[in-house]
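**Q**
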Amino acid sequence: MSLLSRRHLMMAATGLVAAAAAPRLAFAQAAAAAPSGPFTLPPLPYAAAALEPHIDAKTMEIHHGKHHQAYVTNMNNFAKDHPKLAEMPVQDVLGKLGDVPEAIRTGVRNNLGGHANHTMFWQIMGPNGGKPSGEVLAAIDRDLGGMEKFQTDFNAAGGKQFGSGWVFVTVSKDGKLAIEARPNQDTPLMDGKRVLMGNDVWEHAYYLNYQNRRADYLKAWWNTVNWSKVAERYEAAKAGTLGV
Ligand SMILES: [Fe+2]
Numbered sequence: 003m004s005l006l007s008r009r010h011l012m013m014a015a016t017g018l019v020a021a022a023a024a025p026r027l028a029f030a031q032a033a034a035a036a037p038s039g040p041f042t043l044p045p046l047p048y049a050a051a052a053l054e055p056h057i058d059a060k061t062m063e064i065h066h067g068k069h070h071q072a073y074v075t076n077m078n079n080f081a082k083d084h085p086k087l088a089e090m091p092v093q094d095v096l097g098k099l100g101d102v103p104e105a106i107r108t109g110v111r112n113n114l115g116g117h118a119n120h121t122m123f124w125q126i127m128g129p130n131g132g133k134p135s136g137e138v139l140a141a142i143d144r145d146l147g148g149m150e151k152f153q154t155d156f157n158a159a160g161g162k163q164f165g166s167g168w169v170f171v172t173v174s175k176d177g178k179l180a181i182e183a184r185p186n187q188d189t190p191l192m193d194g195k196r197v198l199m200g201n202d203v204w205e206h207a208y209y210l211n212y213q214n215r216r217a218d219y220l221k222a223w224w225n226t227v228n229w230s231k232v233a234e235r236y237e238a239a240k241a242g243t244l245g246v
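Start counting the sequence shown at 3; every next residue gets the next number (my numbering).
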């Protein structure tokens with residue numbers, strides 16, 4: 003095979019032939035789709051397929067690229083008329099929603115809450131997540147009755163959440179843990195608390211693969227937890243530097 007045809011084959015395999023044929027159009031479309039405001043979608047720290055078979059790639063792509071992106075886009079629209087929203091740390095805005103103008107307060111609660119919750123969510127998952135150890139495991143044993151009881155109680159709280167919502171583990175500055183569920187995109191950040199980890203129980207998080215079987219999703223999700231990232235967040239919480 004000639005060098006040229008081999009290169010062409012490789013380009014075709016990666017879908018680059020069409021893009022190369024109309025580079026200006028491709029760039030124009032990319033520019034139009036680019037974030038237009040101060041809020042940005044954090045990239046997934048792993049491939050969309052990395053959490054399979056527990057969470058499928060299509061669910062991850064839609065969840066991250068469409069649902070989370072929509073919260074970001076909506077916040078950028080709010081920030082056009084209310085630039086101060088982007089000048090404070092996200093957790094500080096959510097901790098003082100009463101200071102947000104009433105006309106946009108519910109929108110900020112839902113969309114900035116969604117942005118914060120999902121930013122945390124992508125971080126604390128990953129392939130080859132291992133098991134909790136060290137201080138996090140000691141805190142789970144001390145405050146949540148050990149790993150088995152923790153997982154049972156966490157899954158029960160997530161299963162009981164009627165409709166859409168989240169189940170979280172909050173962490174205080176002295177390292178104490180608690181399981182807390184919230185509806186919609188509400189977050190313990192709204193109560194001035196910090197989130198160690200959490201699971202999304204909106205149907206958009208699992209419906210393609212699990213349909214109505216939320217309990218199965220909750221059980222499988224534990225295989226995706228990145229415990230070294232959770233340990234980092236625990237240290238940050240105790241140091242007072244944990245954000246969203
Ligand atoms: Fe979600």
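In this text, a Cβ means the ideal position worked out from N, Cα and C, and glycines have one as well.
Ends of the alpha helix (DSSP H) at W124?
**A** Counted from its first residue, the sequence shown places residue 124 at position 122. Per DSSP, the unbroken alpha helix (DSSP H) holding W124 starts and ends at E104 to Q125.
**Q** For K221, name the three-state secondary structure that DSSP assigns.
**A** As a first step, residue 221 is located in the sequence shown; it is residue number 219 there, counting from the start. It is helical.
**Q** For ligand 1, which residues have a Cβ under 6 Å from at least one heavy atom, in chain order?
**A** H65, H69, H120, D202, W204, H206 and A207
**Q** Considering only their Cβ atoms, is the gap separating L198 from V169 smaller than 8 Å?
**A** Here residue 169 refers to the residue found at position 167 of the sequence shown. Here residue 198 refers to the residue found at position 196 of the sequence shown. Contact: no.
**Q** Of the choices D143, T42 and N157, whose alpha-carbon is the least far from that of K221?
**A** Stepping through the sequence shown from its first residue, residue 221 is reached at position 219. Closest option to K221, Cα to Cα, is N157.
**Q** So if DSSP puts L179 in a beta bridge, which residue, or which two residues, is it bridged to?
**A** Sequence index remark: in the sequence shown, residue 179 carries index 177 (1-based). Answer is V173, bridged to L179.
**Q** Taking Cβ positions, are A72 and V173 nearer each other than 8 Å?
**A** The residue given as residue 72 occupies position 70 in the sequence shown. The residue given as residue 173 occupies position 171 in the sequence shown. Not a contact, by the Cβ cut-off of 8 Å.
**Q** Would you call the segment 87 to 104 in contact with the segment 200 to 213, where contact means no fewer than 3 C-beta pairs closer than 8 Å?
**A** no
**Q** What three-state label does DSSP hand M149 in the structure shown?
**A** Stepping through the sequence shown from its first residue, residue 149 is reached at position 147. DSSP places M149 in helix when its eight states are reduced to three.
**Q** Using a Cβ-Cβ cutoff of less than 7 Å, which residues in the same chain neighbour L114 once the five nearest sequence positions on both sides are dropped?
**A** Taking the sequence shown and counting its residues from 1, one reaches residue 114 at position 112. Excluding sequence positions up to five before and after L114, its CB lies within less than 7 Å of the CB of M77, V92, V95 and L96, all in the same chain and listed in chain order.
**Q** Is the beta carbon of I126 less than 8 Å from the beta carbon of D155?
**A** Counting from one through the sequence shown, the residue named residue 126 turns up at place 124. Counting from one through the sequence shown, the residue named residue 155 turns up at place 153. No.
**Q** According to the neighbour-count rule (16 or more other Cβ atoms, all chains shown, within 10 Å of its Cβ), is Q31 buried or exposed?
**A** On the sequence shown, residue 31 is found 29 positions in, with the first residue counted as 1. Per-residue confidence for Q31 stands at a pLDDT of 37, beneath the threshold of 50, marking its modelled position as unreliable; the derived number appears in the next sentence. Exposed: under 16 other Cβ atoms inside 10 Å.
**Q** Hey, how far is the Cα of N1 from the Cα of L87?
**A** Absent from the structure is residue 1, since the part of the chain shown begins at 3 and ends at 246.
**Q** Could you tell me the boundaries of the alpha helix (DSSP H) in which D202 lies?
**A** As a working note, residue 202 is residue 200 in the sequence shown. Per DSSP, D202 belongs to no alpha helix (DSSP H); it is in the beta strand (DSSP E), R196 to D202.
**Q** Which two residues bound the contiguous alpha helix (DSSP H) that contains E234?
**A** The residue you call residue 234 lines up with position 232 of the sequence shown. For E234, the uninterrupted alpha helix (DSSP H) run begins and ends at W229 to A241, by DSSP.
**Q** Quick check: what's the CA-CA separation for K175 versus G242?
**A** Your numbering for residue 175 matches position 173 in the sequence shown. Your numbering for residue 242 matches position 240 in the sequence shown. Each residue's alpha carbon lies about 6 Å from the other.
**Q** Compare the beta carbon distance of L191 and I142 with 8 Å and say whether it is the shorter of the two.
**A** Indexing the sequence shown from 1 puts residue 191 at position 189. Indexing the sequence shown from 1 puts residue 142 at position 140. No, the pair does not count as a contact, with Cβ atoms beyond the cut-off.
**Q** Would the beta-carbon of H56 fall within 8 Å of that of W229?
**A** The residue you call residue 56 lines up with position 54 of the sequence shown. The residue you call residue 229 lines up with position 227 of the sequence shown. For H56 and W229, no; Cβs fall outside 8 Å.
**Q** So is N130 buried or exposed if we call it buried at 16+ other beta carbons inside 10 Å?
**A** Within the sequence shown, residue 130 is the residue found at index 128, counting from 1. Classification for N130: exposed.
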